[in-house]
Each structure stands twice: as C-alpha cells, then as structure tokens.
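Novice:
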Amino acid sequence: MKTFYIETFGCQMNAHDSEKVVGTLLGQGYSQVATPEEAELVFYNTCSIRDKAEQKVFHRLDQFKRNGQGKTFAVLGCVAQQEGEKIFEKAPHVSLVCGSASYNKLPELLVQLETGNRRVTGLSLDTDLTFETPLTRRDTPHRAYITIIEGCDKSCAYCVVPFTRGPERSRTSASVIAEASELARSGYSEIQLLGQNVNSYRDPSPAGWNFARLLDQVGRVEGIRRVRFTTSHPRDFVKEIIDAIDTNPALCNHVHLPAQSGSSRVLDSMQRLYTREQYMERIAWMKAAKRPIAITTDIIVGFPGETEADFEATLALMEEVEYDSMFSFKYSRRPNTAALRLEDQIPEEEKSRRLTIVQEKQRAIQIRRNAAYLGVVEECLVEGFNQATGQWIGRTSQNKTLNFVRRGEEDLRGRYVEARVTRAGPNSLAGECVN
Ligand code: 5AD
Ligand code: SF4
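In terms of this note's numbering, the sequence shown opens at residue 9 and continues consecutively.
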C-alpha cells in the first residue's frame with residue numbers, strides 16, 4: 009500500500025491541509041498518483057460547510073462501493089470530524105476517518121492501516137497543537153499558504169466549523185516568520201496567511217504579537233512582495249490592520265470581510281457579535297485608507313426568520329459598500345448548530361429567489377466597479393498563459409484577474425509586470441502589458 013490519490017473539497021484551509029498531508033505521506037515513503045484508479049490508498053479531504061458540499065464525498069465513495077476492492081479509502085477533514093464513526097456505516101469500504109485537529113497523528117494512523125486495521129480513527133478535538141510538517145508539497149509555484157491559526161472560538165448559529173475544526177490554536181510568530189523566510193528563499197514571492205478567523209491571531213510566545221503586527225512583519229520578510237490574508241471576522245477586525253496596509257506596500261489592497269447579512273436583527277440571531285453599524289464602521293476605515301482597498305464578502309440568504317425587510321437591508325448594504333466581489337449562499341441547515349432550533353425556516357424556492365436577486369445585483373455592481381479601472385495601470389503577478397486567447401493571466405494586488413497581451417516569447421510566469429486595463433467585464437479585466 010504505497011501509492012495514494014487525494015481529492016480536496018472546500019476552503020483554502022482544506023487545500024493547504026492537503027498540501028501538508030501530501031508532504032506527510034511523501035515523508036512516509038508513499039508516492040502520489042493522479043487518479044483514484046491507480047491508487048492503493050484513496051483520500052478525500054472533505055468539507056461540510058453546506059449540505060451540498062457534504063454530499064459530494066458520499067457520491068465519490070458510492071462510485072467505489074463495488075469496484076473499490078483492493079483499495080483503502082480514507083475520509084479526512086470536516087465531514088470526517090462531523091460524522092465520525094458513522095462514516096463506517098454509511099460507507100463500509102472506508103478504513104480511516106480523521107479530522108483536521110488529529111492530522112499530527114496521521115503517521116501512527118497509517119501504521120495501523122498498514123498492519124491491517126480496517127477501522128482507524130483520529131477524531132479528538134482536544135488539542136492545543138497546530139499541524140506543522142517538515143515537508144509540505146505546495147500546489148502553486150509562486151504563491152504559498154501559511155496557516156497562522158487553526159480552529160474557531162466563535163459560535164455563529166449557522167456554522168459547523170467550531171465543531172469540525174475545534175478550538176482556536178495560534179502558531180508562534182517566530183515559526184510563521186521562519187516559514188515565510190524559508191518560502192522566500194525557495195522562490196515564493198506571495199504569501200497568503202490562513203485561518204478561520206485570522207484577526208483573532210494571538211502569538212502564544214512571549215513576543216505576544218497580534219494579527220496586525222504579524223501581518224506587517226510577514227510583509228517585511230526579504231523577498232516577499234505580496235501578502236494576503238483570509239478570512240476575517242468583523243468583530244475582531246481592528247483599525248490597526250488598515251493602518252498596516254496603508255503603510256506597508258507588500259500588504260495587498262484587499263480585505264475579505266464576511267458580512268453575512270445587512271440586517272442587525274438577523275446578525276443578532278446569527279450570533280455574529282456585531283451590528284450593521286459596527287460592520288459599516290470597518291468599511292469606513294477601508295474607504296478612508298490612502299490605498300484603494302478592494303472589499304469582498306460572504307452573504308447568506310434565507311437564514312431562519314429573515315423577513316423581506318431584512319433581505320432588503322442586505323441589498324441596501326451591498327449598494328452602500330459596493331463590493332468588488334462576493335460569495336453568496338442559501339442558508340443550509342447543519343448538524344449541531346444553534347440555528348437548527350430556530351423557527352420560521354425559509355422555503356427553498358424563496359431562498360433561491362433571494363439568491364438570484366443578490367447575484368444579479370452583485371453582477372451589476374461589479375460591472376460598474378470594474379469599469380472604473382479602464383485606463384488604469386496595475387501591477388500583476390503573472391499566473392499563467394491562456395493558449396486559446398493568447399493572453400497572460402495576471403492577478404492585481406486587489407485580487408482581480410487581469411488578462412493581458414504582450415509581444416515576445418518570454419515566459420512571464422511568476423513575474424511582476426505592469427498592464428493597462430483596456431476592457432472590463434463583471435468578473436475580470438483585460439489589457440496590455442506596458443513594460
Ligand atoms: N449555510 C449557508 N452558508 C454558510 N456559510 C457558512 N455556514 C453556512 C450555512 N450553514 C457561508 C458563510 C461563510 C462561508 C464560508 O460559507 O457565508 O462565510
Ligand atoms: Fe468546509 Fe468550513 Fe471545513 Fe473549510 S473549514 S473545509 S469551508 S467546513
């Protein structure tokens with residue numbers, strides 16, 4: 009049992025966990041293959057944020073119910089933690105179930121699998137450790153993730169994450185800076201700091217850095233040109249973060265600040281710990297910044313009890329903030345969460361209606377906002393080349409995709425170039441390189 013395949017669902021935390029899991033497996037002498045058919049050991053790193061995400065892994069496992077003989081199946085991540093040993097009943101061909109708070113134990117769990125144990129679990133949430141690996145197999149060549157905090161201590165009424173990822177654990181500032189320096193030495197120029205709530209980062213070492221300090225210092229590591237961070241929580245988002253962005257050009261002009269709703273009444277029932285006014289205060293800090301900060305968000309429609317007036321408050325919030333981009337979702341009932349007990353669930357058709365309205369409105373806002381970039385020159389990190397269109401794919405500091413043309417055969421990938429915007433659509437910009 010020495011070849012493995014891994015498929016990852018869900019957020020960037022999961023994507024980066026998989027990079028560390030792959031590093032761990034390679035370190036144990038396993039080799040990675042590109043399809044589940046070729047693999048002896050098949051891993052699914054799962055997401056349970058909404059019901060649809062959770063169902064995906066069971067579909068995958070179903071495909072192998074009959075023809076999976078000779079293979080070993082492992083379920084990792086949020087569905088593993090949430091469903092635990094029930095997964096063995098639903099999918100009896102699964103042999104390993106392990107949540108993210110137990111990844112440090114993966115090497116021992118693999119030994120148990122190799123010695124023939126067919127019901128291996130790592131499901132304890134009782135940990136103060138973060139998952140640090142000597143080897144991380146990174147999926148992207150220029151941009152690298154660094155986890156700074158794991159878990160979540162909030163209790164938003166709709167959210168499974170506190171149950172699937174356990175309590176907050178921050179890494180020491182020294183280990184984060186050491187990882188950033190190491191990445192810079194091996195050629196990475198962009199760092200993305202990750203956590204379920206990066207704003208509540210608290211350095212456990214005597215240095216005692218808060219998030220704003222850590223962010224600024226990562227941006228001062230030699231060789232690091234860009235730093236991003238995700239995700240933020242309005243309750244813990246302090247003005248110092250905007251001050252750091254204003255003074256440190258390596259910090260990208262982009263903040264993702266999930267609002268979830270524009271109605272203080274709904275925010276209260278979601279247990280979000282802020283009002284619409286407090287949220288708007290943070291937006292005002294960003295709009296008053298010296299640098300043009302792109303603002304993006306997450307919105308949930310159809311939370312239990314959301315009235316037409318509440319929904320309209322969300323539409324008004326969108327109009328007021330003018331988000332650069334948005335992820336919007338229909339509320340989905342999740343196991344263990346407080347919102348399960350709320351009355352007045354919104355019918356599915358109504359949730360769909362509200363979602364469509366939000367998405368159409370956001371599209372119009374993006375067309376408007378992106379049009380303002382016509383003629384503007386932006387620095388882009390070049391991510392790749394699109395053969396079909398003959399354009400390079402660039403990303404601006406504001407996290408917008410800017411596809412551009414440039415004469416010459418030179419390979420630009422990983423380079424920073426300047427491009428002038430000549431066309432703007434709702435989801436991307438297009439232009440030409442000026443250097
Ligand atoms: N239903 C719908 N959307 C959800 N999110 C989290 N939990 C749920 C849920 N139960 C959304 C939130 C969060 C994003 C990652 O997913 O908007 O910010
Ligand atoms: Fe999905 Fe949330 Fe888990 Fe990320 S933390 S994988 S979004 S459930």
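Built from N, CA and C at the ideal position, the CB exists for glycine as well.
1. What I want to know is whether the C-beta of Ile57 ends up closer than 6 Å to one or more non-hydrogen atoms of the ligand SF4.
2. Do Arg342 and the ligand 5AD come close, with the Cβ less than 6 Å from some heavy atom?
3. Under a three-way DSSP split, which group does Lys338 fall into?
4. State yes or no: is the C-beta of Asp25 nearer than 6 Å to some heavy atom of the ligand 5AD?
5. Inspect the CB distances between the stretch 294-305 and the stretch 152-171 and report whether three or more fall short of 8 Å.
6. For Arg371 and Asp332, what's the separation of their Cα atoms in angstroms?
7. Could you pull out every residue in the same chain whose Cβ sits closer than 7 Å to the Cβ of Ala324, ignoring the five residues on either side in sequence?
8. Could you name the residues that DSSP lists as bridge partners for Ile14?
9. Could you give the residue range of the alpha helix (DSSP H) that holds Asp244?
10. Taking one C-beta from the stretch 308-321 and one from the stretch 416-432 each time, how about it: are there three or more such pairs within less than 8 Å?
11. How about Leu84 and Cys55: do their beta carbons lie closer than 7 Å?
12. Asn207: which of Ser240, Val87, Glu328 and Pro142 sits nearest, CA to CA?
13. Looking only at its chain, what residues have a beta carbon closer than 7 Å to the beta carbon of Phe245, apart from the 5 residues adjacent to it on each side?
14. Could you give the uninterrupted runs of the alpha helix (DSSP H) lying entirely in the stretch 75-147, keeping only those of 4 residues or more?
15. With H, G and I counted as helix, E and B as strand and the rest as coil, what does DSSP make of Val2?
16. Does the beta-carbon of Thr238 have 16 or more other beta-carbons within 10 angstroms, so that it is buried, or is it exposed?
17. Decide if the stretch 100-117 is in contact with the stretch 182-191; the criterion is three or more beta carbon pairs, one per stretch, under 8 Å apart.
18. When every heavy atom of the ligand SF4 is checked, does at least one fall within less than 6 Å of the C-beta of Cys106?
19. Any heavy atom of the ligand SF4 within a distance shorter than 6 Å of the CB on Gly4?
20. Per DSSP, what kind of secondary structure is Asp25 in: helix, strand or coil?
21. Could you say if the stretch 178-185 and the stretch 349-365 meet the contact criterion of at least three C-beta pairs nearer than 8 Å?
Specialist: Working from what's here:
1. Here residue 57 refers to the residue found at position 49 when the sequence shown is read from its first residue. Flag set: Cβ of Ile57 near the ligand SF4.
2. Locating residue 342 in the sequence shown gives position 334, counting from the first residue. It does: the Cβ of Arg342 is within 6 Å (strictly closer) of some heavy atom of the ligand 5AD.
3. Taking the sequence shown and counting its residues from 1, the one referred to as residue 338 is at position 330. In this structure, Lys338 counts as strand in the three-state DSSP scheme.
4. Position 17 of the sequence shown, counting from 1, holds the residue named residue 25. Not so, every heavy atom of the ligand 5AD lies at least 6 Å from the Cβ.
5. no
6. Reading the sequence shown from its first residue, position 363 is the one you call residue 371. Reading the sequence shown from its first residue, position 324 is the one you call residue 332. Computed Cα separation, rounded: 10 Å.
7. In the sequence shown, the residue the question calls residue 324 occupies position 316. So the list reads Gly270, once near-sequence residues are dropped.
8. Translated into positions along the sequence shown, residue 14 becomes position 6. Answer is Phe51.
9. Within the sequence shown, the letter at position 236 stands for residue 244. Unbroken run through Asp244: none, as it is neither H nor E.
10. no
11. As a working note, residue 84 is residue 76 in the sequence shown. As a working note, residue 55 is residue 47 in the sequence shown. Their beta carbons are not under 7 Å apart, which means Leu84 does not touch Cys55 by this criterion.
12. On the sequence shown, position 199 is the one that residue 207 refers to. The shortest C-alpha separation from Asn207 is found at Ser240.
13. Counted from its first residue, the sequence shown places residue 245 at position 237. These residues qualify, in order along the chain: Asn207, Leu265 and Arg290.
14. 85-91, 94-98 and 114-122
15. Nothing in the structure corresponds to residue 2, since the chain is present only between 9 and 443.
16. Indexing the sequence shown from 1 puts residue 238 at position 230. The residue in question, Thr238, is buried, as its Cβ has 16 or more Cβ neighbours within 10 Å.
17. no
18. In the sequence shown, residue 106 corresponds to position 98, counting from 1. Every heavy atom of the ligand SF4 is 6 Å or more from the Cβ of Cys106, so no.
19. Nothing about residue 4 can be reported from this structure: the residues present for the chain run from 9 to 443 only.
20. Locating residue 25 in the sequence shown gives position 17, counting from the first residue. Three-state result, Asp25: helix.
21. no
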